[in-house]
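Engineer:
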Amino acid sequence: MGLERIVGEAASKLTSKTFGGVSKESAMEAIKAAVKAGEEAVAKVTQELQAFKGKTAQEMAELTSKNDRVILQTKAEAQAAVEAAKKQAAEQVKAAAEQVKAAKTAARAPKVFEKALPNGGKEVRKVSANGATMVKEYNADGKLLKYSVTQLDGSIRRTTFDPITGKPVKTYTNIGGDKLVEYKEGSSSITKAVNKKKVKAEKPTLVSQSEPKRIYKSDWGREGGYEVTRTYSDGSKEVVQKFTEGNNNRTVVRKTNAKGTQTEEKITWEDGNYRLNRYNPEKRTSENTESYDIGNGIKLITTNRSVYLPHEGVPTTTGSDYIIGKAKVTADRIKDEFGLYTDKYRIKVTYPKETGRKPVVIKAGTESDINRLQREIYNEFGKA
Numbered sequence: 071m072g073l074e075r076i077v078g079e080a081a082s083k084l085t086s087k088t089f090g091g092v093s094k095e096s097a098m099e100a101i102k103a104a105v106k107a108g109e110e111a112v113a114k115v116t117q118e119l120q121a122f123k124g125k126t127a128q129e130m131a132e133l134t135s136k137n138d139r140v141i142l143q144t145k146a147e148a149q150a151a152v153e154a155a156k157k158q159a160a161e162q163v164k165a166a167a168e169q170v171k172a173a174k175t176a177a178r179a180p181k182v183f184e185k186a187l188p189n190g191g192k193e194v195r196k197v198s199a200n201g202a203t204m205v206k207e208y209n210a211d212g213k214l215l216k217y218s219v220t221q222l223d224g225s226i227r228r229t230t231f232d233p234i235t236g237k238p239v240k241t242y243t244n245i246g247g248d249k250l251v252e253y254k255e256g257s258s259s260i261t262k263a264v265n266k267k268k269v270k271a272e273k274p275t276l277v278s279q280s281e282p283k284r285i286y287k288s289d290w291g292r293e294g295g296y297e298v299t300r301t302y303s304d305g306s307k308e309v310v311q312k313f314t315e316g317n318n319n320r321t322v323v324r325k326t327n328a329k330g331t332q333t334e335e336k337i338t339w340e341d342g343n344y345r346l347n348r349y350n351p352e353k354r355t356s357e358n359t360e361s362y363d364i365g366n367g368i369k370l371i372t373t374n375r376s377v378y379l380p381h382e383g384v385p386t387t388t389g390s391d392y393i394i395g396k397a398k399v400t401a402d403r404i405k406d407e408f409g410l411y412t413d414k415y416r417i418k419v420t421y422p423k424e425t426g427r428k429p430v431v432i433k434a435g436t437e438s439d440i441n442r443l444q445r446e447i448y449n450e451f452g453k454a
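Numbering (our numbering), first residue to last: 71 to 454.
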């Protein structure tokens with residue numbers, strides 16, 4: 071430690087009085103500081119001299135040179151470490167910049183989701199960076215069935231295609247008002263303004279149809295005919311049997327849902343009469359309709375509607391329709407305040423317009439009333 075430094079440290083301890091001079095206390099502190107600094111300087115010099123004690127001039131030169139090399143080596147290593155740290159930092163900055171760039175690119179890229187459908191087809195959904203969602207539906211053969219784009223603001227454009235020709239069938243859009251575009255032969259179109267609330271849900275699209283195969287039955291003697299199976303975009307199927315050989319020529323159409331449960335069977339005979347059975351497995355409801363000619367070109371149509379109650383699956387008739395020509399008796403079973411069916415019906419009789427008669431309504435009728443009214447319109451409008 072140099073003399074100037076010792077003096078400087080001692081002087082820093084001096085404190086000036088208000089009217090000049092220094093205080094006794096600060097002077098004592100300055101003296102103590104000077105003594106301490108001097109002792110430290112002497113100790114350091116003594117330590118340095120001790121290292122050279124008993125050494126020859128050559129040894130002292132080598133020791134001095136060694137100390138210089140250590141200092142230089144330490145400095146060089148420090149410089150190298152600084153350069154390495156700079157290089158590593160630069161590489162990390164570059165890598166971070168590339169990661170940010172890749173993240174931005176990935177964020178801008180459309181998100182794609184693909185889902186297999188029960189009918190063997192697939193649905194491909196893409197969401198772009200601007201929030202638009204595009205959905206494409208393909209059948210099992212890879213042909214496009216539907217295409218829709220929904221923008222972030224809720225506007226939509228949805229197009230249905232013919233899976234056989236690949237041409238568009240119709241397009242619905244709410245851009246600039248609700249419109250339905252119908253295509254003729256896949257090119258020319260007719261645009262209609264529609265009320266969105268009245269747009270019916272799209273019917274399932276035909277996906278595939280099997281080759282006709284020969285079938286034989288013996289329900290009405292030996293019968294022969296053909297059968298085809300049609301598969302639709304919602305997974306439902308339709309088996310069509312047409313019997314053309316035998317005494318009871320008819321067409322039978324059976325429909326099943328995607329789970330394989332039968333939902334409808336319709337038998338149509340050559341004279342146009344039919345029997346139709348419908349069943350909704352989710353709502354546990356059924357509807358049975360029959361028609362037959364009663365003469366003079368008048369057809370009788372009867373429909374019975376039922377619901378299967380929870381206990382043991384017992385069906386309860388909830389309503390019926392009885393139609394002869396243009397006359398009709400409609401009955402709907404009434405529910406009580408607890409939502410349970412009662413033995414009362416709301417019955418309405420509608421007469422042909424040419425009679426000028428007003429409808430008859432019974433708010434709480436019975437099954438006897440239904441049967442009576444059915445006989446009345448049969449006697450009046452059903453006789454040849």
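We put the beta carbon where it would ideally sit given N, CA and C, even for glycine. Just so we're clear, the structure is a prediction, and the values are computed from it rather than from any experiment.
Can the beta-carbon of Lys237 be found less than 8 Å from the beta-carbon of Tyr253?
Structural biologist: Counting from 1 along the sequence shown, the entry for residue 237 is found at position 167. Counting from 1 along the sequence shown, the entry for residue 253 is found at position 183. Against a cut-off of 8 Å, the Cβ pair of Tyr253 and Lys237 comes out as a contact.
Engineer: Could you tell me which residues DSSP pairs with Glu184 in its beta bridges?
Structural biologist: Mapped onto the sequence shown, residue 184 falls at position 114. Answer is Val194.
Engineer: When the Cα of Val384 is compared with those of Ser356, Ile394, Gly365, Thr372, which residue comes out closest?
Structural biologist: Translated into the one-based positions of the sequence shown, residue 384 becomes position 314. It is Ser356.
Engineer: Taking only beta-carbon atoms, is Val384 less than 8 Å away from chain B?
Structural biologist: Considering every chain present, this structure includes no chain B. It has just one protein chain.
Engineer: Based on Cα-Cα distance, which residue from Gly191, Lys433, Val322, Arg348 lies nearest to Thr333?
Structural biologist: Within the sequence shown, the letter at position 263 stands for residue 333. Minimum Cα distance to Thr333 is reached at Arg348.
Engineer: I need the DSSP call for Glu437, collapsed to helix, strand or coil.
Structural biologist: Sequence index remark: in the sequence shown, residue 437 carries index 367 (1-based). It is helical.
Engineer: Taking only three categories from DSSP, how would you classify Val92?
Structural biologist: Taking the first residue of the sequence shown as 1, we reach residue 92 at position 22. Its pLDDT being 49, under 50, Val92 is placed unreliably by the model, and nothing is read from it.
Engineer: Do you know whose CA, among Ser198, Val277, Ala397, lies nearest Ala210's CA?
Structural biologist: Translated into positions along the sequence shown, residue 210 becomes position 140. Ranking Ser198, Val277, Ala397 by Cα distance to Ala210 puts Val277 first.
Engineer: With distance defined between alpha-carbon atoms, name the residue in Asn366, Gly365, Gly452 nearest to Lys398.
Structural biologist: Translated into the one-based positions of the sequence shown, residue 398 becomes position 328. If we check each option's Cα against that of Lys398, Gly452 comes out closest.
Engineer: Three-state secondary structure (DSSP) at Gln332?
Structural biologist: Position 262 of the sequence shown, counted from the start, is the residue given in the question as residue 332. Residue state, collapsed to three classes: strand.
Engineer: Among Glu407, Ile368, Glu281, Glu315, which has the Cα closest to the Cα of Arg300?
Structural biologist: The count along the sequence shown starts at 1 and reaches residue 300 at position 230. Considering only alpha carbons, the answer is Glu281.
Engineer: Go through its chain and collect everything with a Cβ distance to Lys414's Cβ below 8 Å, but skip five positions before and after it.
Structural biologist: On the sequence shown, residue 414 is found 344 positions in, with the first residue counted as 1. Excluding sequence neighbours, Lys414 sits near Arg403, Ile404, Ala434, Gly435, Thr436.
Engineer: Using only the alpha-carbon positions, how far apart do Gly395 and Ile368 sit?
Structural biologist: Taking the first residue of the sequence shown as position 1, residue 395 is located at position 325. Taking the first residue of the sequence shown as position 1, residue 368 is located at position 298. C-alpha separation (whole angstroms): 6 Å.
Engineer: Short check: CB of Gly316 to CB of Arg292, under 8 Å?
Structural biologist: Along the sequence shown, read from residue 1 onward, the residue named residue 316 stands at position 246. Along the sequence shown, read from residue 1 onward, the residue named residue 292 stands at position 222. Against a cut-off of 8 Å, the Cβ pair of Arg292 and Gly316 comes out as a contact.
Engineer: Classify Glu293 as helix, strand or coil using the three-state DSSP reduction.
Structural biologist: Start at 1 with the first residue of the sequence shown, and residue 293 comes out as number 223. Here Glu293 sits in strand by DSSP.
Engineer: Leaving out five residues on either side along the sequence, give the residues of the same chain with a beta carbon under 6 Å from the beta carbon of Asp391.
Structural biologist: Along the sequence shown, one-based indexing puts residue 391 at 321. Only Thr373, Thr400 meet the Cβ criterion.
Engineer: With a cut-off of 8 Å on the beta carbons, I'd call Ala202 and Gln221 a contact; round off their distance for me.
Structural biologist: Here residue 202 refers to the residue found at position 132 when the sequence shown is read from its first residue. Here residue 221 refers to the residue found at position 151 when the sequence shown is read from its first residue. With a Cβ gap of about 5 Å, Ala202 and Gln221 count as contacting.
Engineer: Are Phe313 and Gly295 close, meaning C-beta to C-beta below 8 Å?
Structural biologist: What you label residue 313 is simply residue 243 of the sequence shown in a count that begins at 1. What you label residue 295 is simply residue 225 of the sequence shown in a count that begins at 1. A contact, by the Cβ cut-off of 8 Å.
Engineer: So the beta strand (DSSP E) Ala401 belongs to, where does it begin and stop?
Structural biologist: Within the sequence shown, residue 401 is the residue found at index 331, counting from 1. Where Ala401 is concerned, the enclosing beta strand (DSSP E) stretches over 397-405.
Engineer: Find the nearest neighbour of Gly365 within the set Gly247, Tyr448, Asp304, Val430, judged by alpha-carbon distance.
Structural biologist: Here residue 365 refers to the residue found at position 295 of the sequence shown. It is Tyr448.
Engineer: Nearest-angstrom Cα distance between Gly305 and Asp439?
Structural biologist: If you number the sequence shown from 1, residue 305 lands on position 235. If you number the sequence shown from 1, residue 439 lands on position 369. Taking the straight line joining both Cα atoms gives about 44 Å.
Engineer: What first and last residue would you give for the beta strand (DSSP E) that runs through Gln221?
Structural biologist: Indexing the sequence shown from 1 puts residue 221 at position 151. From DSSP, Gln221 is part of no beta strand (DSSP E); its letter is neither H nor E.
Engineer: Would you report the Cα separation of Ile371 and Thr359, rounded to the nearest angstrom?
Structural biologist: Indexing the sequence shown from 1 puts residue 371 at position 301. Indexing the sequence shown from 1 puts residue 359 at position 289. Between Ile371 and Thr359, the C-alpha separation is close to 7 Å.
Engineer: To the nearest whole angstrom, what separates the beta carbons of Glu335 and Arg324, a pair I think is in contact under 8 Å?
Structural biologist: On the sequence shown, residue 335 is found 265 positions in, with the first residue counted as 1. On the sequence shown, residue 324 is found 254 positions in, with the first residue counted as 1. So it is a contact: roughly 5 Å between Cβ atoms.
Engineer: Leaving out five residues on either side along the sequence, give the residues of the same chain with a beta carbon under 6 Å from the beta carbon of Arg345.
Structural biologist: Start at 1 with the first residue of the sequence shown, and residue 345 comes out as number 275. Same-chain partners within the cutoff: Ile337, Glu360.
Engineer: To the nearest angstrom, how far is it from the Cα of Gly190 to the Cα of Tyr378?
Structural biologist: For the purposes of this step, residue 190 is identified with residue 120 of the sequence shown, where counting begins at 1. For the purposes of this step, residue 378 is identified with residue 308 of the sequence shown, where counting begins at 1. Going by the C-alpha atoms only, they are around 33 Å apart.
Engineer: Using the rule of at least 16 other Cβ atoms within 10 Å of the residue's Cβ for burial, across every protein chain shown, is Phe231 buried or exposed?
Structural biologist: Counting from 1 along the sequence shown, the entry for residue 231 is found at position 161. Buried.
Engineer: Is Phe451 helix, strand or coil when you go by DSSP?
Structural biologist: If you number the sequence shown from 1, residue 451 lands on position 381. Reduced to three states, the DSSP call for Phe451 is helix.
Engineer: Between which two residues does the beta strand (DSSP E) harbouring Pro385 extend?
Structural biologist: By one-based count along the sequence shown, residue 385 stands at place 315. Run containing Pro385: 385-394, per the beta strand (DSSP E) assignment.
Engineer: Quick one: what does DSSP say Glu207 is sitting in, helix, strand or coil?
Structural biologist: The residue labelled residue 207 in the question sits at position 137 within the sequence shown. DSSP places Glu207 in strand when its eight states are reduced to three.
Engineer: Answer yes or no: do Ile417 and Ile393 have a C-beta to C-beta separation smaller than 8 Å?
Structural biologist: For the purposes of this step, residue 417 is identified with residue 347 of the sequence shown, where counting begins at 1. For the purposes of this step, residue 393 is identified with residue 323 of the sequence shown, where counting begins at 1. Not a contact, by the Cβ cut-off of 8 Å.
Engineer: Please state whether DSSP places Arg33 in a helix, a strand or coil.
Structural biologist: No answer is possible for residue 33: it lies beyond the span of the chain, which begins at 71 and ends at 454.
Engineer: Using the three-state DSSP reduction, which class does Glu352 fall into: helix, strand or coil?
Structural biologist: Indexing the sequence shown from 1 puts residue 352 at position 282. Correct three-state label for Glu352: coil.
Engineer: Along the beta strand (DSSP E) that carries Phe313, what are the first and last residues, could you check?
Structural biologist: Here residue 313 refers to the residue found at position 243 of the sequence shown. Unbroken beta strand (DSSP E) run through Phe313: 307-315.
Engineer: Measuring alpha carbon to alpha carbon, tell me which residue in Thr229, Asp289, Thr243 is nearest Lys273.
Structural biologist: Residue 273 sits at position 203 when you count from the first residue of the sequence shown. It is Thr229 whose Cα lies nearest to the Cα of Lys273.
Engineer: Starting from Thr326, trace the beta strand (DSSP E) in both directions and tell me its first and last residue.
Structural biologist: The residue given as residue 326 occupies position 256 in the sequence shown. First-last of the beta strand (DSSP E) with Thr326: 320-326.
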